[in-house]
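Student: Structure incoming, see below.
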Amino acid sequence: MPATPEELFALLDKLGIKTATISHEAVFTVAESDKLHREVEGGHTKNLFVKDKKDNYFLIVAEASAQIPINRVHPLIGAKSRVSFANAERLMEFLGVEPGSVTAFAPMNDHGNRVKVIIDAPLLRHDAINCHPLKNTMTTTISRQDLLNFLEHVAHVPEIVDLSSASDAAQQEQD
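Offset between the sequence shown (1-based) and this note's numbering: plus 1.
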């Protein structure tokens, strides 16, 4: 069984990690969460669960406003080929969450270490980062360093990558 938000909060408490959580209507897209972004300080995340043709899986955690051309990130994240969105079955199997609830906290459910966590470097400019605590009806604020410590604790030390070069390349092609 995947971890619940309560189990996540218990683990964070055990690790001495302080967070603040608010409840809200379910949000499924960055656009739906715009109002929340104005009310809660810190970096807000968008999370992409993708795979390459060799069935290597990646969780990309980026700022909500980041433009990430999915067809260009593969060389930056270590994928063997271009990536595409993974299906909902694999999302539940590997990360224990449903579409709309993908989060930087979900690797706690990846006990087989099938998912490589990638954090887009600009997100880490924020001292506080906001993520769903495994459900998209809540948002949890955690410090940048505590998020990194949490990921290390659940055996998913993230790779920090500046994905803006993929976005820059895509923009140059359009010009």
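By construction, the Cβ of each residue, glycine as well, lies at the ideal position given by its N, Cα and C atoms.
1. Let me make sure I understand the geometry here. Which of K47, R39, D56 and D53 has the alpha-carbon closest to that of T104?
2. How is I71 classed by DSSP in three states: helix, strand or coil?
3. Assess, as a yes-or-no matter, whether the stretch 48-63 is touched by the stretch 13-29 under the definition of 3 or more beta carbon pairs within less than 8 Å.
4. Would you decide whether V118 is buried or exposed? Buried here means 16 or more other CB atoms lie within 10 Å of its CB.
5. Determine the DSSP secondary structure at K15, reduced to helix, strand or coil.
6. Indicate whether L92 and L9 have their beta-carbon atoms separated by less than 7 Å.
7. Determine, using beta carbons only, whether I120 and I71 come nearer to each other than 7 Å.
8. Of the choices L13, H75 and K54, whose alpha-carbon is the least far from that of I61?
Tutor: So, from the data block:
1. K47
2. coil
3. no
4. buried
5. helix
6. no
7. no
8. H75
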